[in-house]
Structure formats: C-alpha cells, structure tokens
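Numbering (the numbering used here), first residue to last: 1 to 295.
Right under this line is the structure:
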C-alpha cells in the first residue's frame, strides 16, 4: 500500500469519530467561511467536527425510541464555543446554517451515553420560539469533547459555600451503580444534591410484563438533573438531562392513576420539562416543586 493510500485509509477510519479542531482554518472551506461570517476573526475556545453517526451501531435507535432523523442529523456538524456563545453549524438543503446560542438562552442540556452511541441535545430560546439542536456521535470521541460538555452542562457556577456531596442520611440508600452515578453528577456540577428521588430499573423478563425504566432525580442549588436508564438500553448506559433552576418559571406536580409528574416550565415560552415517577414518589416531587417555588 502506498503512502497516499495509507493516509486515505487512516483518514476514513478516523472520520467516524468526532474531531477536535485547533483552528477554524482546519475545517472544510464552506464551514470555515460560515463561522467566520458569524463571528469575524475572533478565535474560538473550542471547536469539534462531528461526522454522521452510523445508526446501525445503536441498539437504542433500533428500538425505535429515538425521534426520526432529520436532514441535519445525517450530515456533518460543527459545534464551537466562543466565550458565552455556542455555535452549531449544520448542513441543511444544500446550504450551511449556523445557529448562535447564548449560554443564558439554553433551557435543557441532554447527554446520551449508550454503548457506542452518544449524543448531545440542547433546547434553547431563539427570539420568540424554542429550538432544539442535536448531534449523534461515536462514544469513542466523548473524552475529547469534555471541555465542550462541561461548558454546556454546568452553565451556572455554585456560588454557595457548600461543597459537592451526597444527600443527607435521611435519604433512601441507593444501589451501588446509582450511588456512583449520583457521585459523578454532584462532582461534575460541583454541587450538593439537596433532594433526591430514585426509582430502580425493572427490566421486562416476560412478554406480558411492561418493565420500568430506572430514574434518579437530583435537586441541586443551581440545577435540576434527571438520569434515566430506559429499558431499551438496560443495563448498558443512561441518559442525563438537566436545566438551570433560574430558568424555571413554574413547577407543579400532576397526579395520575399510577404516576406523579413534576412538570417544570422553562423560559419565557415555558418549555415543558416533565419528570415522571411512580405514584409513591408524589410527596418527594411535591417537596421539590415547593423548593422550586411552584404550587
């Protein structure tokens, strides 16, 4: 194999994973021009390019629990950060589109970690509407994206004197795996978990059983964090979704026959962020709603 062919083979192999880019000039010409048109010659703090993810590798996608893929999800994307602004470049209908997202406009941040299939998703306000951007990628690249993930996840610094810790001793003990997840979340947010609600996973073992996804809800001084373990991915990963408490406009508990739902309304457009648990957790969710200033 010639040196040229070897380089081409190596490039194709690595093009399956996200790539951290040192300078905007290292992007494709049309991507470089699109970003420079939005922000001039100012340097970026972080740039990552995501090739399209092969959904045949995803057990979760095959279970058809994910939404239908749009055109942007089937094309390369570039996510970048510059100060308190994020840039998401997508290829749509033959054109290159750049979404500019202010840190304070982000309503929810979701990180999916399921075997080889990871993803990032943001819901944010833009003028008078709520928009969502989403990118799927090979999990091999997650470590390279830690600076970007950290800046999207922890959008408010904990200004209190409390150090990150686990809930008090009155909280129900957690299984080892979920205790570890709790410790990870309090560490990455650098916050205390003030209140905690937990429901263990109950996988479907027989055809007539419905099963139940595992869920951990954490109320922190600055954030609300929900970690889910859907049945389709049990026990191979989890999905973490969070919001900043200052974005919560209303919090209330809605009771159903077998469940209780903590319904958060976020931002001026009041995006719904429902957190559902079995009915026995109603009292804990009501206490969270009260702490969040709801009904």
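Each residue gets a CB set at the ideal place from its N, CA and C atoms; glycine is no exception.
Helix, strand or coil at residue i according to DSSP, with G and I counted as helix
i, result
"residue 189", "helix"
"residue 202", "strand"
"residue 114", "strand"
"residue 145", "helix"
"residue 41", "coil"
"residue 213", "coil"
"residue 179", "helix"
"residue 105", "helix"
"residue 155", "coil"
"residue 90", "strand"
"residue 291", "helix"
"residue 245", "helix"
"residue 231", "coil"
"residue 74", "helix"
"residue 28", "coil"
"residue 140", "helix"
Neighbour-count burial assignment, residue i, 16 or more Cβ in a 10 Å radius
i, result
"residue 254", "exposed"
"residue 34", "buried"
"residue 22", "exposed"
"residue 100", "exposed"
"residue 119", "buried"
"residue 146", "exposed"
"residue 41", "exposed"
"residue 205", "exposed"
"residue 178", "buried"
"residue 214", "buried"
"residue 210", "exposed"
"residue 284", "buried"
"residue 256", "exposed"
Distance CB(residue i)-CB(residue j) smaller than 8 Å
i, j, result
"residue 224", "residue 243", "yes"
"residue 123", "residue 132", "yes"
"residue 222", "residue 156", "yes"
"residue 277", "residue 202", "no"
"residue 125", "residue 289", "no"
"residue 181", "residue 238", "yes"
"residue 200", "residue 175", "yes"
"residue 107", "residue 262", "no"
"residue 292", "residue 245", "yes"
"residue 84", "residue 102", "yes"
"residue 104", "residue 51", "no"
Contacting residues, own chain, Cβ-Cβ under 6 Å from residue i (five flanking each side not counted)
i, result
"residue 141", "17 and 18"
"residue 233", "60 and 114"
"residue 79", "48 and 88"
"residue 55", "61"
"residue 264", "248, 251 and 273"
"residue 136", "53 and 119"
"residue 90", "72, 77 and 97"
"residue 226", "217, 241 and 275"
"residue 121", "110 and 134"
"residue 29", "none"
"residue 212", "202"
"residue 86", "101"
"residue 286", "253"
"residue 173", "none"
Contacts around residue i, its chain only, beta-carbon distance under 8 Å, and the 5 residues preceding and following it disregarded
i, result
"residue 153", "109, 111, 188, 189 and 242"
"residue 130", "107, 123, 124, 267, 269 and 271"
"residue 279", "255, 256, 257, 258, 259 and 260"
"residue 281", "197, 199 and 260"
"residue 38", "87, 98 and 100"
"residue 36", "24"
Sequence-distant residues of the same chain with beta carbon closer than 7 Å to residue i, five excluded per side
i, result
"residue 57", "116 and 117"
"residue 81", "44, 45, 46, 148 and 151"
"residue 220", "189, 191, 192, 193 and 194"
"residue 25", "32"
Proximity test, residue i beta-carbon vs the ligand NAD heavy atom, cut-off 7 Å
i, result
"residue 118", "Among the components modelled here there is no ligand, and therefore nothing to report on the ligand NAD."
Those residues which DSSP pairs with residue i across a bridge
i, result
"residue 278", "259"
"residue 265", "250 and 272"
"residue 197", "217"
"residue 120", "111 and 135"
"residue 82", "85"
"residue 305", "The shown model of the chain, from 1 to 295, leaves out residue 305, and the question about it has no answer."
"residue 237", "114"
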